[in-house]
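Going by the working numbering, the residue at position 356 of the sequence shown is 356; the numbering climbs one at a time, nothing skipped. Quick reminder that beta carbons are idealized off the backbone N, C-alpha and C, glycines included. Bear in mind that the values here come from a model prediction, so they are computed numbers and not experimental data. What follows is one structure encoded as structure tokens, with my remarks underneath.
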Amino acid sequence: MTISADVSGLSIDEAPLPARLDSPEGQDFTEMVELRNTIEREILGTDDAAPTARELLATFRDPYAPKRLFLARLNGGVVGRGVYEWQPEENAPAAFIEVQVASTMRRHGIGTAILTVLERIAAENGLTVIQSWSSHALPASSEVLVPPTGFGAVDRDSAAVRFARAHGYSLEQVDRISRVELPMSADLLTERRRDAEPHAVDYEVVQWAGRCPDRWLTDMARLHQRMSTDAPAAAIEFAEELWDDDRMRNLNDMNEAGGRLNLTSAALHVPSQRLVGYTDIAVPEQEGRPAVQEDTLVLKEHRGHRLGTLLKLANLEQVMRVSPTTPRITTFNAEENRPMLDVNEAVGFEAIGCEAAWKKAVGS
Ligand SMILES: CC(C)(COP(=O)(O)OP(=O)(O)OC[C@H]1O[C@@H](n2cnc3c(N)ncnc32)[C@H](O)[C@@H]1OP(=O)(O)O)[C@@H](O)C(=O)NCCC(=O)NCCS
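Okay, here's the thing in structure tokens:
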């Protein structure tokens, strides 16, 4: 592929997604994951939320969130990566991209060359928006960039901010990355739960570890579909995801293929016998590795009953019961999502970094 970076011998090519990791393509994929995790560690100072190659391959093979992978190589080694993801839903407007370059190889145009490849695909596919997320340390100076939401900020002179702005992307939203050490005080969790329970008399918490039970597939599909539109996204554009029982089964399969144990706590509305909210925590299979808090949603019509709090508390209790060696949990929340941050702060989550959401309108 022709590239404009000022590094001789550089190539940027699409990498086939391997069926298995113990194949030549699998070795490339593993090298790509190591590069990804090294770059994230340099920024955030931790590997807590870093996926293994097995976990990431499972998400790359998700037919409901298809992805293409591009590797920049120099002298045989992987020095940069580009990921192009799209939503298969009809009329979905946006491509979601990732661009990362090894810190020793920056400012030679490699990031721009990868970005050019990804933007060209978005144009060929007729998409009108390109969006991306970048990880950041907590701001270290007062020279910050604040998104239009007015919540959160990132250092103005970080490489990602300079790069994204130089290429016409605007900052739309900042997520806080926070973390809590386990075990938490069981007394604190019980006390918080007792405070919340009187507000939720018509509801019960149901829990499972691993695959979603068949009897809840349809309810959980409805909740996942709503998650795709109801989480605060500022001006970041998503098409509504279409979820059914098969997509839920695919999610179960993906977690198993990635070696992650998904712990769910869901809110059952007793009068209707329907699930109206849920929260998930993913526990990696390797003993002692930190867990990651995934989705949390309460349907709009059932908000105001402290269900978000009750679900989170119940799932923290579940992690400590099912996986007592899990040392920490990491979570990502929009800085403007005060209700969710309140719940997390009340049980000891502390900010360790942030994530910036970028957007560029293209074509039309
Ligand atoms: C952001 C990143 C991909 C840039 O890769 P790169 O190969 O250094 O990018 P380029 O050499 O093509 O830089 C293009 C332009 O971006 C800007 N830029 C990039 N890094 C910069 C920095 N550290 N300081 C100032 N400007 C910077 C400059 O305008 C640069 O042009 P110039 O070098 O001619 O001045 C790389 O720093 C990286 O991998 N960071 C961590 C991952 C990340 O945050 N990715 C998301 C990006 S939205």
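Test: residue i CB closer than 7 Å to a CB of chain B
i, result
"residue 95", "Absence of chain B from the displayed structure is noted, only one protein chain being present."
Chain-order list of residues whose beta-carbon lies under 8 Å from that of residue i (same chain, five-residue window excluded)
i, result
"residue 142", "none"
"residue 318", "207, 209, 263, 265 and 281"
Check: residue i C-beta below 6 Å from any heavy atom of ligand 1
i, result
"residue 382", "Outside the displayed span of the chain (1 to 364) sits residue 382, for which this structure offers no information."
"residue 134", "yes"
"residue 353", "no"
"residue 26", "no"
"residue 309", "no"
"residue 173", "no"
"residue 110", "yes"
"residue 365", "In the structure as shown, the chain starts at 1 and stops at 364, and residue 365 therefore has no counterpart that could be examined."
"residue 41", "no"
"residue 107", "yes"
"residue 221", "no"
"residue 153", "no"
"residue 50", "no"
"residue 95", "no"
"residue 72", "no"
Unbroken alpha helix (DSSP H) run spanning residue i, endpoints
i, result
"residue 125", "It is not in any alpha helix (DSSP H) - residue 125 carries neither H nor E in the DSSP assignment."
"residue 33", "24 to 44"
"residue 149", "Run containing residue 149: none; DSSP gives neither H nor E here."
"residue 163", "159 to 166"
"residue 195", "186 to 196"
"residue 331", "Here residue 331 belongs to no alpha helix (DSSP H); instead the beta strand (DSSP E) covers 328 to 334."
"residue 138", "Note, residue 138: premise wrong, no alpha helix (DSSP H); not H, not E."
Separation of residue j from residue i, as counted between CA atoms
i, j, result
"residue 206", "residue 337", "25 Å"
"residue 173", "residue 150", "9 Å"
"residue 366", "residue 299", "Residue 366 cannot be examined here, being either before or after the span of the chain that is shown, 1 to 364."
"residue 75", "residue 83", "21 Å"
"residue 30", "residue 244", "32 Å"
"residue 16", "residue 34", "17 Å"
"residue 52", "residue 248", "22 Å"
"residue 270", "residue 190", "22 Å"
"residue 157", "residue 145", "9 Å"
"residue 72", "residue 267", "46 Å"
"residue 222", "residue 242", "9 Å"
Limits of the unbroken beta strand (DSSP E) element including residue i
i, result
"residue 81", "77 to 86"
"residue 91", "From DSSP, residue 91 is part of no beta strand (DSSP E); its letter is neither H nor E."
"residue 11", "11 to 15"
"residue 180", "170 to 181"
Beta-carbon contacts of residue i that lie in its chain and below 6 Å, excluding the five residues immediately before and after
i, result
"residue 47", "41"
"residue 340", "333"
"residue 349", "178 and 180"
"residue 193", "313"
### Query
For the segment 251 to 325, which segments carrying the alpha helix (DSSP H) assignment without a break, of at least 4 residues, lie completely within its bounds, in sequence order?
307 to 322
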